[in-house]
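Notes follow once the structure below has been shown.
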Amino acid sequence: MKIPTNTESPSPAPPSKEHGITPVLSLRKHKVPSLAILLLLMIVAFPGALVVGMHQFQREAAINVSPPFITPINAEHEVEPQSSRPHGVDANALARVSERWAKEWSAKNLEAVVALYTDDAVFLPSIGTRVTGRQAIRDLFQKALASQTSDLHVHSRVTEQSGSLAYDSGEYEETSTSGGVTQSGRGNYLVVLRRHGKDQWRIVEHMWTDLPTAAK
Numbered sequence: 034m035k036i037p038t039n040t041e042s043p044s045p046a047p048p049s050k051e052h053g054i055t056p057v058l059s060l061r062k063h064k065v066p067s068l069a070i071l072l073l074l075m076i077v078a079f080p081g082a083l084v085v086g087m088h089q090f091q092r093e094a095a096i097n098v099s100p101p102f103i104t105p106i107n108a109e110h111e112v113e114p115q116s117s118r119p120h121g122v123d124a125n126a127l128a129r130v131s132e133r134w135a136k137e138w139s140a141k142n143l144e145a146v147v148a149l150y151t152d153d154a155v156f157l158p159s160i161g162t163r164v165t166g167r168q169a170i171r172d173l174f175q176k177a178l179a180s181q182t183s184d185l186h187v188h189s190r191v192t193e194q195s196g197s198l199a200y201d202s203g204e205y206e207e208t209s210t211s212g213g214v215t216q217s218g219r220g221n222y223l224v225v226l227r228r229h230g231k232d233q234w235r236i237v238e239h240m241w242t243d244l245p246t247a248a249k
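Mind the numbering: the sequence shown is residues 34 to 249 in our numbering, read in order.
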């Protein structure tokens, strides 16, 4: 293209047909159509970019706000509930106190029976008033053993321990002879025990219930 040297405005050159190409748009002469096309491209491209950006934001937000303390637990690793039964309970040791009581009672060994009670023990007979204290319990048992001979057997049903206290609940069967009359009896008992030392248990509360007996 030649640059004109005169000062007069040159006449617009006719469209070049050398290569068979005719310019359609010129940014200098057709500003409005060019801006319209640019705006149209922005409108078409913006929603796609917005959707992509929103998806990325949601993924990052989900990662950032996930509570760090929530950890999935597999079914095979679920924590089993702990047993409510205290550790170190020896049910046989608790039941043996009642068994020894019955054995010593049948043998009329008064001192051995009384030794199973604490100083502040309470005995609740099936009839009569409560008897409090080891000495009062001894006096009651001394009179009973002097007037009868007994063959007593106990069967422990439930034992439980909580700290230094425990209980033994069960049933008993007894054959007693008094004044030449033999009777068979049965009923229930409840013994509350208190730990003394490491392995020793003593009776702190003792009660009996009697079922109807039959005379022979």
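Backbone N, C-alpha and C define an ideal beta-carbon position, used for all residues, glycine too.
For residue i, which residues in the same chain have their Cβ closer than 7 Å to its Cβ, ignoring the five residues on either side in sequence?
i, result
"residue 223", "200, 202, 240"
"residue 196", "none"
"residue 15", "Residue coverage of the chain in this structure runs from 34 to 249, which leaves residue 15 outside it and unanswerable."
"residue 170", "147, 150, 154, 156, 164"
"residue 101", "Confidence at residue 101 is low in this model, with a pLDDT of 43, below 50, so the placement of that residue is unreliable and no value is reported for it."
Under the DSSP definition of a beta bridge, which residues are partnered with residue i?
i, result
"residue 234", "228"
"residue 192", "201"
"residue 280", "Any answer about residue 280 is impossible in this case: the structure gives the chain only from 34 up to 249."
"residue 183", "209"
"residue 173", "According to DSSP, which records beta bridges pairwise, residue 173 is partnered with nothing at all."
"residue 220", "205, 243"
"residue 164", "156"
Rounded to a whole number of angstroms, what is the C-alpha to C-alpha distance between residue i and residue j?
i, j, result
"residue 126", "residue 183", "24 Å"
"residue 232", "residue 128", "13 Å"
"residue 166", "residue 124", "26 Å"
"residue 172", "residue 134", "16 Å"
"residue 175", "residue 190", "28 Å"
"residue 141", "residue 178", "6 Å"
"residue 143", "residue 137", "7 Å"
"residue 145", "residue 207", "19 Å"
"residue 218", "residue 230", "35 Å"
"residue 194", "residue 161", "29 Å"
Could you round the C-beta distance between residue i and residue j to whole angstroms and report it? I think they count as a contact, below 8 Å.
i, j, result
"residue 234", "residue 226", "4 Å"
"residue 131", "residue 187", "5 Å"
"residue 237", "residue 151", "5 Å"
"residue 155", "residue 164", "7 Å"
"residue 211", "residue 181", "4 Å"
Less than 8 Å between C-beta atoms, sequence neighbours within five positions excluded: which residues of the same chain meet that for residue i?
i, result
"residue 220", "159, 204, 205, 241, 242, 243, 244"
"residue 192", "122, 124, 127, 128, 199, 200, 201, 202"
Who are the Cβ neighbours of residue i in its own chain at under 6 Å, not counting the five residues just before and after it?
i, result
"residue 114", "Residue confidence for residue 114 is low, a pLDDT of 36 falling below 50, so the modelled location carries little weight and cannot support an answer."
"residue 185", "135, 138, 139, 207"
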